[in-house]
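Residue numbers (the numbering used here): 20 to 156. Beta carbons are placed, not taken as given, at the ideal position from N, Cα and C, and that holds for glycine. Everything numeric in this text was worked out from a predicted model, so none of it was measured.
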């Protein structure tokens, strides 16, 4: 029996706040079933240089549409204080190398809760001064 599948498509800067930077992880989820599937929660862990720099959970983020693909946006908040500790990596190219681990907990009929584990590695840019001053948050 087929099960839902998911993949992280991008991780980008979303917004800059006084106490944190928010990134958006975009996730594409394919549902092979003819009925929508509720997502119980989404958990995330963002690592850089082997250290956890952000983690959290999003309870009850909605549903995956029936017989198709749903794009989800997972907000990841990184405190400024953590970024300061990554100065060595940041100083080279104004980005951070990251590893993002996500868990999508889906309520499957008959099976019960099913977790789709996802992992993505890459580089994500830090905000520039113009990003900071143009932000209204």
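For residue i, report the span of its beta strand (DSSP E) as first-last.
i	result
residue 36	Careful: residue 36 lies outside any beta strand (DSSP E) and carries neither H nor E.
residue 73	70–83
residue 57	56–67
Under 7 angstroms Cβ to Cβ from residue i, same chain only, skipping five residues before and after it: list those, please.
i	result
residue 9	Coverage of the chain is limited to positions 20 through 156, which leaves residue 9 absent and any answer about it impossible.
residue 114	142, 143, 144 and 145
residue 33	41, 42, 43 and 94
Would you call residue i buried or exposed, if buried means 16 or more other Cβ atoms sit within 10 Å of its Cβ?
i	result
residue 129	exposed
residue 67	buried
residue 90	exposed
Which residue's Cα is closest to the Cα of residue i: the options?
i	options	result
residue 140	121, 133 and 134	121
residue 41	85, 79 and 101	101
residue 21	38, 53 and 45	53
Note the first and the last residue of the continuous alpha helix (DSSP H) segment covering residue i.
i	result
residue 129	Unbroken run through residue 129: none, as it is neither H nor E.
residue 102	99–103
State yes or no: is the C-beta of residue i within less than 7 angstroms of the C-beta of residue j?
i	j	result
residue 63	residue 30	no
residue 43	residue 137	no
residue 80	residue 58	yes
residue 93	residue 61	yes
residue 46	residue 27	yes
residue 123	residue 135	yes
In its own chain, which residues sit with a C-beta less than 8 angstroms from the C-beta of residue i, not counting the 5 before and 5 after it?
i	result
residue 73	63, 64, 65, 95, 96, 97, 98 and 101
residue 71	64 and 65
residue 38	98 and 99
residue 76	60, 61, 62 and 63
Apart from the five residues on each side of it in sequence, which residues of its chain come closer than 6 angstroms, Cβ to Cβ, to residue i?
i	result
residue 86	53
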